[in-house]
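To start, the structure itself, in structure tokens.
Chains as they are written, first to last, in the working numbering: chain A, 772 to 850; chain B, 6 to 340.
Structure (structure tokens):
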């Protein structure tokens with residue numbers, strides 16, 4: 772999976788779960804501060820990401836995934 | 006030498022009745038001690054207000070009221086009830102059960118009676134039990150009641166629980182049927198997650214602490230919200246699929262989705278995961294009622310009936326999940 776494919780898949784996940792417009796979901800955006808995504812949605816997003824990307828995201832890791840780039844980099848490193 | 010058993014048969018729901026607690030408690034009334042806000046509560050849970058029973062109204066009162074209404078709805082008199090099952094975590098007596106008190110109050114003089122403790126999965130667990138009791142001919146008519154007074158067991162200063170829990174009761178009258186009116190119940194439990202939702206301290210610990218330190222801590226609900234959210238969203242979709250398959254139906258055959266009203270966001274996630282058609286009516290009673298644990302499913306179903314959204318013959322998928330952790334689900338036909 773290319774970086775772009777990871778980002779596109781993540782965009783679609785965040786859009787479906789948190790209703791954020793895909794165009795607004797850019798690498799440098801913070802979920803909580805920029806995209807208004809709360810921690811419950813982050814739990815769901817991480818669960819969907821686990822399924823779509825075949826990675827495991829432990830609960831302890833969730834707090835480190837602050838930006839869109841954090842998630843993309845995590846997926847790249849753990850696929 | 007063979008022993009005799011009763012002929013096997015099916016069961017169905019004959020009537021529904023509820024008791025909605027009468028004290029309306031809006032978010033504004035409870036946010037003070039937890040330093041929260043109406044917006045935050047609504048966003049995180051969907052709850053605008055919760056219903057609490059006033060002082061002097063207990064679970065026997067609420068359960069008996071719901072039961073009496075269910076009996077009237079079913080057209081069955083109390084003396085024809087063979088079993089009373091009360092599902093609750095709010096009964097303050099170690100013994101006797103709430104069910105024997107309810108049976109006595111409503112005049113179910115020919116009924117066996119017992120409580121079950123399965124928290125938010127309790128109503129669906131009890132419906133499964135009632136199905137079995139009727140199917141084996143143990144009883145012809147069973148009263149299944151989910152009732153809670155969680156306001157008595159909630160710490161108003163606990164930021165994780167103070168805004169969630171509420172009071173109420175709901176009841177089914179179930180009876181024998183030539184065709185199944187209830188699908189097989191899918192249920193399970195994971196006691197390794199005992200601490201995810203628990204009422205603490207337990208009475209023995211409370212007594213020990215009082216004797217040793219003089220400190221008195223009233224037992225209250227404690228919940229690891231994110232863990233429970235993740236479990237519910239992760240595991241209950243598959244449980245629902247199992248219940249649908251067991252009943253021989255698909256999501257397209259269901260008219261009503263009535264999950265335990267734990268949190269509107271969990272309901273959203275389950276609806277997404279189950280890919281119900283747009284036409285499915287989804288119960289969101291939690292918004293004006295709060296989370297009433299064992300009572301939430303029948304209260305939510307009654308809400309749909311009152312709003313004219315549930316019709317006789319509709320198929321409803323019910324799923325309860327929560328403390329234990331435990332879960333139970335089944336498809337039922339609306340009477």
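Just so it is clear, CB atoms sit at the ideal spot from N, CA and C, and this is done for glycine as well.
Here residue 24 (chain B) is actually not in contact with residue 87 (chain B); their C-beta atoms are around 23 angstroms apart, not less than 8 angstroms. Assigned with DSSP and collapsed to three states, residue 801 (chain A) falls in strand.
Taking a C-beta distance under 9 angstroms as the contact criterion, residue 275 (chain B) and residue 299 (chain B) do not qualify as a contact pair. What residue 276 (chain B) touches in chain A, judged by beta-carbon distance under 7 angstroms, is nothing: the nearest beta carbon there is about 12 angstroms away. Note on geometry: alpha-carbon atoms of residue 217 (chain B) and residue 204 (chain B) lie some 21 angstroms from one another. According to the DSSP secondary-structure assignment, residue 120 (chain B) is paired through a beta bridge with B:91. Taking 9 angstroms as the threshold, the shortest C-beta distance from residue 49 (chain B) to chain A falls below it.
Residues of chain A with a Cβ closer than 8 angstroms to the Cβ of residue 235 (chain B) are, in chain order, 814, 818 and 830. Interface criterion not met: the Cβ of residue 796 (chain A) is under 9 angstroms from no Cβ in chain B. For residue 77 (chain B), the closest C-alpha among the options B:22, B:328 and B:201 is that of B:22. The C-alpha of residue 65 (chain B) is placed about 6 angstroms away from the C-alpha of residue 107 (chain B).
Looking from the CA of residue 198 (chain B), the closest CA among B:10, B:62 and B:327 belongs to B:327.
Counting only the Cα atoms, residue 49 (chain B) lies some 26 angstroms from residue 798 (chain A). Under the three-pair Cβ rule at 8 angstroms, the stretch 309-322 of chain B does not count as touching the stretch 57-73 of chain B.
Secondary structure of residue 221 (chain B) (DSSP, three-state): coil. Only residues of its own chain outside the window of five on either side were considered, and among them 781, 796, 797, 798 and 800 have a CB closer than 7 angstroms to the CB of residue 839 (chain A), listed in chain order. For a Cβ distance threshold of 8 angstroms, residue set 231 of chain B lies close to residue 810 (chain A), ordered along the chain. Judged by their CB atoms, residue 151 (chain B) and residue 81 (chain B) are not nearer to each other than the 9 angstroms cut-off. Residue pairing from DSSP places residue 31 (chain B) in a beta bridge opposite B:54. Contact note: residue 270 (chain B) reaches chain A through 811, using a C-beta cutoff of 7 angstroms and chain order.
Annotation: residue 259 (chain B) to residue 96 (chain B) spans about 34 angstroms, alpha carbon to alpha carbon. 9 angstroms or more divides the Cβ of residue 69 (chain B) from the Cβ of residue 94 (chain B). The CB of residue 239 (chain B) comes closer than 7 angstroms to the CB of 818 in chain A, given here in chain order.
At least one beta carbon of chain B lies nearer than 9 angstroms to the beta carbon of residue 787 (chain A). Its chain contains 201, 202, 267, 327 and 330 as the residues whose beta carbon lies nearer than 8 angstroms to that of residue 233 (chain B), once the 5 sequence neighbours on both sides are disregarded; these appear in chain order. In the DSSP assignment, residue 205 (chain B) falls within the beta strand (DSSP E) that extends over 202-205. Residue nearest to residue 47 (chain B) within the set B:226, B:33, B:322 and B:305 is B:33 (criterion: CA-CA distance).
Shown here, residue 253 (chain B) sits in coil according to DSSP, grouped into three states, outside any helix or strand. Residue pairing by DSSP puts residue 227 (chain B) in a beta bridge opposite B:203. The alpha carbon of residue 808 (chain A) has as its nearest neighbour, out of A:819, A:820, A:791 and A:818, the alpha carbon of A:791. If the five residues before and after residue 777 (chain A) are omitted, its C-beta is found closer than 6 angstroms to the C-beta atoms of 843 and 846, all from its own chain and listed in chain order. Cβ-Cβ distances below 6 angstroms link residue 142 (chain B) to 11 in the same chain, with the five nearest sequence neighbours on each side left out; the list follows chain order.
Shortest Cα-Cα distance from residue 115 (chain B) to any of B:125, B:104, B:85 and B:133 involves B:85. A Cβ-Cβ distance of about 5 angstroms is found for the pair residue 153 (chain B) and residue 297 (chain B), placing them in contact under the 8 angstroms criterion. Bridge partners of residue 264 (chain B) according to DSSP: B:324. Taking the Cβ atoms as the reference, residue 176 (chain B) lies roughly 6 angstroms from residue 303 (chain B), within the contact range of under 8 angstroms.
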